[in-house]
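Everything below concerns the one structure shown next.
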Amino acid sequence: MTDGPFADTREVLGGICLIEAADPDEAIEVAARIPAARLGGTVEVRPVVER
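Going by full-length UniProt numbering, the first residue of the sequence shown is number 1, and it counts up by one from there.
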């Protein structure tokens, strides 16, 4: 098994939230309101590329 494309952690990936935002700054503002982010957890913001 290899590490995946997410934060370096030994914990289980807890979930995925897919949002629509005008730009990365707006996405970060939304992510900052996720409880895990406020309680010291890890929240990643990544773009979704449509093909």
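Each residue gets a CB set at the ideal place from its N, CA and C atoms; glycine is no exception.
- Assigned with DSSP and collapsed to three states, residue 29 falls in helix.
- In this model, residue 44 and residue 21 are separated by some 14 Å (Cα to Cα).
- In the three-state DSSP reduction, residue 22 falls in the coil class, being neither helix nor strand.
- With respect to the C-alpha of residue 24, the residue from 17, 40 and 46 having the closest C-alpha is 46.
- Going by beta carbons, residue 19 and residue 32 fall outside the 9 Å limit.
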